Structures are given as C-alpha cells and as structure tokens.
Amino acid sequence: MTDVRAHALDGTRGVIAAREWPHPRPRYLALLVHGYGEHIGRYAALAAVLTGHGAAVYGPDHVGHGRSAGERVVIEDFEDVVTDVHTVAALARAAHPGLPVVLVGHSMGGLVAARYAQRHGAELTALVLSGPVIGAWETPGQLLAHAERHGEVPDIPVSPSALSRDPEVGPSYAADPLVWHGPMKRPTLEAFVRTLKAVDEGGTVAPLPVLWLHGADDRLVPLPGSRTGVRRLAGDGPLTERVYPGARHEVFLETNKAEVYADLIHFLDGVLTP
C-alpha cells in the first residue's frame, strides 16, 4: 500500500502538517511521533510494516519541523506538541471510530509519547518507545550550561553516522532538505529539561502495555539513562524490553530492522488479541 494522504490541521501554534497511510479495512490505528529535527516522512518504511499488519497509520510533523508551521526546531512547550498529536489522534478516530490505538514514539518523540500516555493513556491500547528521550538525558543541561558560559548554544548538529550502521541512512538524512542540520535552539533545550522532569514526576502509565526498543550502541540517547525513565514510566504494568547489540539510535532503520519489526509485530499481536 503506497497511498499517502496529506492533512493540514489547526495546531496549538499554527498549521500542523500530518500524513496518513491508509488501510481499506483497518483493525487498529497507529500514531507515529517523530524525533528532533526530522519529519514524519522518514517513517514511511515503518508505516508500510504497520499497514501490512492491518493498521491505518497517522503522524504529524511537529511544530517547527518538516512541513509544519513555526521557527525551525523551536519547541517552547512540549505540552503543546502532545496536544497536537492528540489532534491527529482525533482525526484518526473520527475516520475509524472504535478501533484500538497504538502510539509509537522515537527519540524526542518518545518523550512526547510518554507524556501523551500520562495525559491520555485511557485512550491507548499500547505504547511503543524507540530510543526514547526520557529518564537521565544529559545533553540539554550540558548545552545550556555551555550557553551560560559562552553566550550561545554550541553548533553541534546530529551526526548522521550516529543514526544507523546502514551506510545509506546517514547520507539520506544529511541530504534531506526537511531535516534540520543546524544547532539546537535554547527554547527547545529549556523545554526538554522541563518535560523530562514532568515525565519523571508524572506517574506511571500502568496498566498500559509498553514496548521499549533501544540500540545498545546508541550514542545520542544512551541506553542506561533511558532505561531509568522507561522503567519508572511503566511502573508495575507490562513492560517488554528489546535491546539490540551493536545497533545505533534509529533501530527502525538499522541493519537488523527485520528483527526489530518482527519484535514490534509480535508485541502488537499480543496486545491486540482479544
């Protein structure tokens, strides 16, 4: 299924561009939440796996990202991003009422998805977190400390080589005009710090089933700090952990992506079975 539909929605801070990968007779809905500096179009392969499994798939470009409105990569409040994702969820539910909803968040999208589950968990059937920015993530504090000492945020863009061992992923990312290749912005770093704290203090999402996927060689969001946040978020609810030796940050685009997709589908089969 290669059909993709574009939607323009009223977001909290301007027009939000969203994509839909439709299914003629879906049995569940999948909401995809992308990471920092990128856009939802980079998730076409994951969407194809999910539509092949029976999902209608939806996902927005966040404010300041991709084709959505806003200054590039400026997010002043992640609560607004959660609200925008909820708007996309409402679009999906209106088109397909009564279906189970699965939320999949990667990296910064994992932070958004975690907060979404804390706010709207009763509307979800399962939560999937890939390399999630939750728990002990030191990068925002380090960059803000540098800015305090030197007057500006250092220009340290995301390294394409840190994304995947697949030799095609990095160059594709580097050449993508919808990807931000510059430095992080102070308002976004400050929002990261606030929202990491909000998720830590926001309670568990139990009994919501959680699947956590992470590359053991993830240098952008190191495994140990993320583990702290994931386990706190899951609480005493069902948590499935999959850590992939040698894999880097984007496990859905890794050389072992077939294994990752198989783990995802196995998890979904378990939570979607009546």
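For the sequence shown, my numbering assigns the number 95 to the initial residue and increments by one for each residue that follows.
Glycine included, C-beta positions come from ideal geometry on N, C-alpha and C.
Please read these numbers as outputs of a predicted model, since none were measured by experiment.
Going by beta carbon distance, what residues of the same chain come within less than 7 Å of D97, once the five residues before and after it are set aside?
-> P116
Which one of R166, A150, S224 and E114 has the shortest CA to CA distance from G108?
-> R166
Could you name each continuous alpha helix (DSSP H) segment of 4 residues or more that falls completely within the segment 111 to 174, going from the start of the chain to the end?
-> 138 to 146
Residue burial classification, D249 (beta-carbon count within 10 angstroms, cutoff 16) | exposed
With contact counted as at least three CB pairs below 8 Å, one residue from each stretch, are the segment 346 to 359 and the segment 300 to 312 in contact?
-> yes
Can you tell me whether DSSP reads L307 as helix, strand or coil?
-> strand
Please report the Cβ distance between A328 and A285, rounded to the nearest whole angstrom; I am assuming they are in contact, meaning their Cβ atoms lie under 8 Å.
-> With a Cβ gap of about 24 Å, A328 and A285 do not count as contacting.
Integer-rounded CB distance, given that R113 should sit under 8 Å from G135 | 7 Å
So is R209 buried or exposed if we call it buried at 16+ other beta carbons inside 10 Å?
-> buried
DSSP beta-bridge partners for D221?
-> Inspection of the sequence shows that residue 221 is occupied by Leu rather than by Asp. According to DSSP, which records beta bridges pairwise, L221 is partnered with L197 and V304.
Residue(s) in a DSSP beta bridge with L104 | In the sequence on display, residue 104 carries Asp and not Leu. Answer is V109, bridged to D104.
Is it true that the CB of A186 sits closer than 8 Å to the CB of L125?
-> yes
Does the pairing of the segment 343 to 352 with the segment 256 to 269 give three or more beta-carbon distances under 8 Å?
-> yes
Determine the contact status of G199 and A207, defining contact as a CB-CB distance below 8 Å.
-> yes
Mind reading off the beta-carbon distance from V127 to V179? Whole number of angstroms is fine, and I expect it under 8 Å.
-> 6 Å
Does the segment 310 to 326 come close enough to the segment 222 to 234 that 3 or more CB-CB pairs lie under 8 Å?
-> yes
Closest by CA to V151, which one among T106, S201, A142 and I110?
-> A142
Comparing alpha-carbon positions, which option in E217, H244 and G158 lies nearest L193?
-> E217
CA-CA distance, V188 and A211?
-> Note on identity: in this sequence residue 188 is Ala, with Val being the wrong assignment. Taking the straight line from one Cα to the other gives about 20 Å.
Cβ-based burial, A100 [other Cβ within 10 Å; buried from 16] | exposed
Considering only residues of the same chain and omitting the five flanking positions on each side of A102, which have a CB-CB separation below 7 Å?
-> V109 and A111
Sorted by chain position, which residues of the same chain lie with C-beta nearer than 6 Å to G340's C-beta, five sequence neighbours on each side aside?
-> D311
Where L347 sits in the DSSP three-state scheme | helix
Would you kindly report the start and end of the unbroken beta strand (DSSP E) that includes T334?
-> L333 to Y338
Y210 - DSSP class collapsed to helix/strand/coil | helix
Can you round the beta-carbon distance between Y122 and G158 to whole angstroms, since I take them to be within the 8 Å contact cut?
-> That belief does not hold up - the Cβ atoms of Y122 and G158 are roughly 30 Å apart, past 8 Å.
If you draw a straight line from the C-alpha of V247 to the C-alpha of L272, how long is it?
-> 22 Å
Put R288 into one of helix, strand or coil per three-state DSSP.
-> helix
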